[in-house]
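Engineer: Position one of the sequence shown corresponds to residue 69 (our numbering), numbered consecutively onward. For each residue, glycine too, the CB sits at the ideal point set by N, CA and C.
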Amino acid sequence: MTEHASKPVALKRRAFLQQASLTLGALGVGGSTWLTGYQQALAKPTQRKLALLIGINQYSSRAIDPVLADDVGLKGCLTDVDMQRQLLVHRFGFQPVDILTLTNQEASRQGILEAIDQHLLQQAKGNDVVLLHFSGYGSQVRLEADSPSPTFRAAWVASDSRLPREDAPALTDVLEAELTARLQQLPTTNITTVIDAGSQDAGYLRWGNLKVRSRPAVPTGTLPKGVQPELVKMAPWPGLLLRAGDLGHLVLESQWDGFSAGVFTYALTQSLWETLPDPNPKVLLKQATSRLQVSIGPDQQPTVESHLPTKTEAAYALAPQLPPADGVVLPVSSSDRPLILWLGGITAPVLRYLQPGSQFVTRPSDGATNFSDPGTVQLRLESRSGLRATVKVVGSAPSQPLARQPVYEKLRLLPQTIDLVVALDHQLKRVERVDATSALSNIPFVTSVVAGERAADCLFGRLPVGPVSTLTASLIGVAETGDFPKVSDNALSSYGLFAPNRTLVPGTMLPKEEAVKTAVNRLTPQLQTLLALKLLRLTENRSVSWLGATVALETTQPQPQVFMKQQTDRSPKAGVAAVLNRLTHKQSPPEETLVLTNEHRVLYRLSNQSHQPLHVLLVRFDSRGDCAASIAPPETVDIEDESVTDLSAAAISPGKSQTLPRDGSGWGVINGANWVETHVVLSAQPLHECLGVLSHDGDITPPSGELQRVRQPLKLARALLQDLHNATVAADPKLASTDHYALGQDQWATFTFKYTIA
Numbered sequence: 069m070t071e072h073a074s075k076p077v078a079l080k081r082r083a084f085l086q087q088a089s090l091t092l093g094a095l096g097v098g099g100s101t102w103l104t105g106y107q108q109a110l111a112k113p114t115q116r117k118l119a120l121l122i123g124i125n126q127y128s129s130r131a132i133d134p135v136l137a138d139d140v141g142l143k144g145c146l147t148d149v150d151m152q153r154q155l156l157v158h159r160f161g162f163q164p165v166d167i168l169t170l171t172n173q174e175a176s177r178q179g180i181l182e183a184i185d186q187h188l189l190q191q192a193k194g195n196d197v198v199l200l201h202f203s204g205y206g207s208q209v210r211l212e213a214d215s216p217s218p219t220f221r222a223a224w225v226a227s228d229s230r231l232p233r234e235d236a237p238a239l240t241d242v243l244e245a246e247l248t249a250r251l252q253q254l255p256t257t258n259i260t261t262v263i264d265a266g267s268q269d270a271g272y273l274r275w276g277n278l279k280v281r282s283r284p285a286v287p288t289g290t291l292p293k294g295v296q297p298e299l300v301k302m303a304p305w306p307g308l309l310l311r312a313g314d315l316g317h318l319v320l321e322s323q324w325d326g327f328s329a330g331v332f333t334y335a336l337t338q339s340l341w342e343t344l345p346d347p348n349p350k351v352l353l354k355q356a357t358s359r360l361q362v363s364i365g366p367d368q369q370p371t372v373e374s375h376l377p378t379k380t381e382a383a384y385a386l387a388p389q390l391p392p393a394d395g396v397v398l399p400v401s402s403s404d405r406p407l408i409l410w411l412g413g414i415t416a417p418v419l420r421y422l423q424p425g426s427q428f429v430t431r432p433s434d435g436a437t438n439f440s441d442p443g444t445v446q447l448r449l450e451s452r453s454g455l456r457a458t459v460k461v462v463g464s465a466p467s468q469p470l471a472r473q474p475v476y477e478k479l480r481l482l483p484q485t486i487d488l489v490v491a492l493d494h495q496l497k498r499v500e501r502v503d504a505t506s507a508l509s510n511i512p513f514v515t516s517v518v519a520g521e522r523a524a525d526c527l528f529g530r531l532p533v534g535p536v537s538t539l540t541a542s543l544i545g546v547a548e549t550g551d552f553p554k555v556s557d558n559a560l561s562s563y564g565l566f567a568p569n570r571t572l573v574p575g576t577m578l579p580k581e582e583a584v585k586t587a588v589n590r591l592t593p594q595l596q597t598l599l600a601l602k603l604l605r606l607t608e609n610r611s612v613s614w615l616g617a618t619v620a621l622e623t624t625q626p627q628p629q630v631f632m633k634q635q636t637d638r639s640p641k642a643g644v645a646a647v648l649n650r651l652t653h654k655q656s657p658p659e660e661t662l663v664l665t666n667e668h669r670v671l672y673r674l675s676n677q678s679h680q681p682l683h684v685l686l687v688r689f690d691s692r693g694d695c696a697a698s699i700a701p702p703e704t705v706d707i708e709d710e711s712v713t714d715l716s717a718a719a720i721s722p723g724k725s726q727t728l729p730r731d732g733s734g735w736g737v738i739n740g741a742n743w744v745e746t747h748v749v750l751s752a753q754p755l756h757e758c759l760g761v762l763s764h765d766g767d768i769t770p771p772s773g774e775l776q777r778v779r780q781p782l783k784l785a786r787a788l789l790q791d792l793h794n795a796t797v798a799a800d801p802k803l804a805s806t807d808h809y810a811l812g813q814d815q816w817a818t819f820t821f822k823y824t825i826a
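#1: Is the separation between the beta-carbon of A238 and that of I180 shorter than 8 Å?
#2: What does L898 pair with, by DSSP beta-bridge criteria?
#3: Is it right to say E234 is buried, meaning 16 or more other beta carbons lie within 10 angstroms of its own, or is it exposed?
#4: How many angstroms separate the CA atom of A826 from the CA atom of S691?
#5: By DSSP, does P164 sit in helix, in strand, or in coil?
#6: Compare the C-alpha of P729 against each of K633, Q677, E622 and name the closest.
#7: Is R498 buried or exposed, if buried means 16 or more other CB atoms sit within 10 Å of its CB?
#8: For A457, which residues from the same chain have a beta carbon less than 6 Å from its beta carbon, with the 5 sequence-adjacent residues on both sides left out?
#9: Which residue marks the beginning of the alpha helix (DSSP H) containing E608, and which one marks its end?
#10: On a CA-only basis, which of A192, F631, E500 is nearest P255? Give me that one, please.
#11: Is it buried or exposed for T444, if we count other Cβ within 10 angstroms and need 16 for buried?
#12: One question on the structure: do Q790 and H683 come within less than 8 Å of each other, judged by their Cβ atoms?
#13: Using only alpha-carbon positions, find the residue among S678, I486, L121, L755 that is nearest to L598.
#14: Could you pull the DSSP bridge partners for A808 from this structure?
#15: Span of the beta strand (DSSP E) holding R688?
#16: Three or more C-beta pairs under 8 Å: does that hold for the stretch 565-573 against the stretch 272-286?
#17: Does the beta-carbon distance from N454 to G330 come in below 8 Å?
#18: Please name the residue or residues paired with G454 in a DSSP beta bridge.
#19: Please classify P284 as buried or exposed, where buried requires at least 16 neighbouring CB atoms within 10 angstroms.
#20: Pick helix, strand or coil for T371, following the three-state DSSP scheme.
#21: Going by other Cβ atoms of all chains shown within 10 Å of its Cβ, with 16 needed for buried, is H747 buried or exposed?
#22: Hey, out of L803, A700, D800, Y672, whose CA is closest to G760's CA?
#23: Measuring only the C-alpha atoms, how far is Q152 from F428?
#24: Does any residue of chain C have a CB that is nearer than 8 Å to the CB of S374?
#25: Pull up the DSSP beta-bridge partners for D264, would you.
#26: Would you say V209 and G316 are within 8 Å of each other, going by their C-beta atoms?
#27: Please work out which residues of its chain come closer than 6 Å, Cβ to Cβ, to A787, disregarding the five sequence neighbours upstream and downstream, and give them in chain order.
#28: With which residues is N258 paired in a DSSP beta bridge?
#29: For L386, which residues of its own chain have a beta-carbon under 6 Å away from its beta-carbon, when the five flanking residues on both sides are left out?
#30: Can you round the beta-carbon distance between T576 and Q596 to whole angstroms, since I take them to be within the 8 Å contact cut?
#31: Distance check for T240 and V459, CA to CA, integer angstroms please.
#32: Check the C-beta distance from F162 over to D264 and give it rounded, since I have them as a contact under 8 Å.
#33: Which term fits Q627, buried or exposed, when burial requires 16 or more other beta carbons within 10 angstroms of its beta carbon?
#34: When you compare only the Cα positions, how much space is there between N258 and A249?
#35: So the beta strand (DSSP E) H747 belongs to, where does it begin and stop?
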């Protein structure tokens, strides 16, 4: 969990005990009878939970834009519905019968309005919980009645929507004003609306390697049939509104390995699987936004609007019924069917590369209270399709059914060959794409694809012509300042690298024309750095590591201050104190982005809360494409007249803390950089391979306490994976024969910190 400045408040006893029971149970100490009784009592249905989930992939060109007839369909909206449904049933305790889904043609204008009336308005009572979710195209519309000063109205594009024509001028979308007017009639205040649709008239439907979820133009028409003029006066959304992007701004969907989804819904549901929802909805939104922007950059900015009563203390207006988890065992129709997991809590990059043989654990309904207890059931991954995975029980079959039990990652198997996937931008001419494919094929660690064909790590292309996104943003979603080539319709520029959302990777563009092959050769070092960063991110596991550790980002100048503190969530020793602290202190929402200046000096404070020494590696990337690292140097000791290298002396002992840099003076903020992403790795075993790479690069104890520059970041990233694999094999020698990187969650923890530089 990540902590920010907080102010203590008193939680209601019922809410405190429920959340503590769930979380302590997940940490393996949930057998305490004083909590168990309350958990059983709270499991009784004291309120009904109703949900209406709407997702539309199939649209007619007459609803969106006849010119774009072949490209109007979306791909991820039904996945959004599935993600929400699994979350509501298996994390929040919704009954399947109380969840109504409308997909594709079912989600007509009439179908949506009737479902709200019949499923929500006619059934909800005073204390019930209501959730409404929509994934599809959004739009802005103009009403002819507003002339001569037309105003924009937000709307949902239904499956049977049609653009107004001269002979049929009535709008057929669902105006948001109609929706708020209906929801205002609900007798309950426990209402959450999630909208994963946009309303920016961007003029096109593709944004780099992503799809845009908004109609590309603003239609003008008369009121939909049967709608009275007084209904178009927009009332506030009742309860909690979580919107994927503010009105008039971008909302995107993306491809992942084997499925597409709205980037907001995926980030939101992952956040809700992973941690206890914070009482402050803004904190939840910041967590989801941070996750979202790692993959697509800053173009999409989710928003929250709350009219919830102050007594409501959790997202979705209720506390979860299951503890935080990586997923759940889905019910199957018969006992001879294979076990199926829903892996909604696994991060997208890890899910993409998770290999058969990876392991999860779960607790049977009558069984273990700790991951290492004999009653814990181990599950081995056999195959995966999208967010569903087929698993087999390791060892003897459990005595009790596993259906609906939470699952936790135990062993992460990653392929030893992981490429950087580079998409070729659609704006390139055919001959340019052919030349780029040929040039990139000569780089052994790169795979090239056509944009939109599959998930990609970056794009290769030119600066776009026409409407563009914020071109001076970094790959990790932080704006870059400085002068870049200005492009007119007829101008040409060099080639460069872009994030999947078509934002420029800083330092990859030249203000002159060049050949494709020349550009690829010039960009090869940046491609290596991007792959190194990708591999480091695959080790991030703060929320799933079983090691007990805490890392804080602090400054020593201009004044001592703790800016951010992160802690592993699944170690009982580390987790219990953090859970109790979190539940008794209300968190304030974090700032949009942590911003430091050149006046600051930064240090990291590491605390070992496990029972074994932990070895440390710090790796820092910045917007200039530079990589630097810090590793504790070994000591040489004399044993029986022989000099022996001793790495244990550099480790953090159990119960002890250490700062990086070790002298506590702090590192200066980088001049000329605009963002920094730092990975702090703690390992149960010495990092011999990393030490070898850094020793070959130069002095691992550079003067004045500064970080060592890494000349081969990709080699260092691969060395780290090998070190973590070696640590896992040392604990379980049976894994020595695997042809993958085997990373045991009890052997390491990687923390990630990001900040911008003003």
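Structural biologist: Working from what's here:
#1: Contact flag unset, no.
#2: The question about residue 898 has no answer, for the chain in this structure spans 69 to 826.
#3: Label assigned to E234: exposed.
#4: Their Cα atoms are separated by approximately 13 Å.
#5: If DSSP states are grouped into helix, strand and coil, P164 belongs with the helices.
#6: Nearest C-alpha to P729: E622.
#7: R498 comes out exposed.
#8: Taken in chain order, the residues that qualify are L409, L411, L449.
#9: Judged by DSSP secondary structure, E608 falls outside any alpha helix (DSSP H); it is assigned neither H nor E.
#10: Comparing Cα positions, the closest option is A192.
#11: T444 comes out buried.
#12: No, the Cβ-Cβ distance between Q790 and H683 is not below 8 Å.
#13: Minimum Cα distance to L598 is reached at I486.
#14: Checking the displayed sequence, the identity of residue 808 turns out to be His instead of Ala. Within the DSSP bridge table, the entry for H808 names P483 as partners.
#15: For R688, the enclosing beta strand (DSSP E) starts and ends at 683-690.
#16: Flag = yes, the stretch 565-573 and the stretch 272-286 touch.
#17: A small correction: the amino acid at residue 454 is Gly; Asn does not occupy that position in the sequence shown. G454 is not a Cβ neighbour of G330, given a cutoff of 8 Å.
#18: Answer is none; G454 lacks a bridge partner.
#19: P284 comes out buried.
#20: Strand.
#21: With 16 or more Cβ atoms within 10 Å of its Cβ, H747 is classed as buried.
#22: The option with the nearest alpha carbon to G760 is A700.
#23: Here the alpha carbons of F428 and Q152 stand approximately 22 Å from one another.
#24: Here there is only one protein chain, and chain C is not present.
#25: Here D264 is bridged, per DSSP, to S203.
#26: Against a cut-off of 8 Å, the Cβ pair of G316 and V209 comes out as no contact.
#27: The residues are E757, C758, V761.
#28: Per DSSP, V197.
#29: Excluding sequence neighbours, L386 sits near V197.
#30: That pair is no contact at about 13 Å.
#31: For V459 and T240, the distance between alpha carbons rounds to 46 Å.
#32: Between D264 and F162 the Cβ distance is about 19 Å, and since that is not below 8 Å, they are no contact.
#33: Under this definition Q627 is an exposed residue.
#34: Each residue's CA atom was taken as its position, placing N258 and A249 some 16 Å apart.
#35: Here the beta strand (DSSP E) through H747 covers 743-751.
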